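*Asks:*
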Amino acid sequence: DHIERRVLLEGPLSDEQRERLMEIADRCPVHRTLEAGVDVTTVEDVPGAARGD
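Read in the numbering used here, the sequence shown has 50 at position 50, and its numbers run on one by one without any break.
(1) Using DSSP with H/G/I as helix, E/B as strand and the rest coil, what is Leu-21?
(2) For the putative contact between Arg-18 and Leu-9, defined by C-beta atoms under 8 Å, what is the C-beta separation to the nearest angstrom?
(3) Which same chain residues end up closer than 8 Å to Val-61 when comparing Cβ atoms and leaving out the 5 residues on each side of it in sequence?
(4) Less than 8 Å between C-beta atoms, sequence neighbours within five positions excluded: which residues of the same chain meet that for His-31?
(5) Using the C-alpha atoms, what's the distance from Leu-13 back to Pro-29?
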């Protein structure tokens with residue numbers, strides 16, 4: 001099983017801030033629970049980007 005989680009970060013954030021927020025997203029309790037039995041990938045979503053869903 002695989003889950004792709006998209007995180008939308010908006011606003012005037014530096015690259016360092018974006019990287020830190022993505023690290024935090026990977027340490028949230030829900031992510032850690034799911035990760036025990038499922039491959040979870042976290043990607044930054046881009047506002048208005050077309051998705052291949």
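All residues carry an ideal CB built from backbone N, CA and C; glycine is no exception. Nothing here was measured: the structure is a model prediction, and the numbers come from that model.
*Replies:* Looking at the atomic coordinates:
(1) helix
(2) 6 Å
(3) Residue 61 lies beyond the residue range present for the chain, which begins at 1 and ends at 53; the question has no answer from this structure.
(4) Arg-5, Ala-25, Val-40, Thr-42
(5) 24 Å
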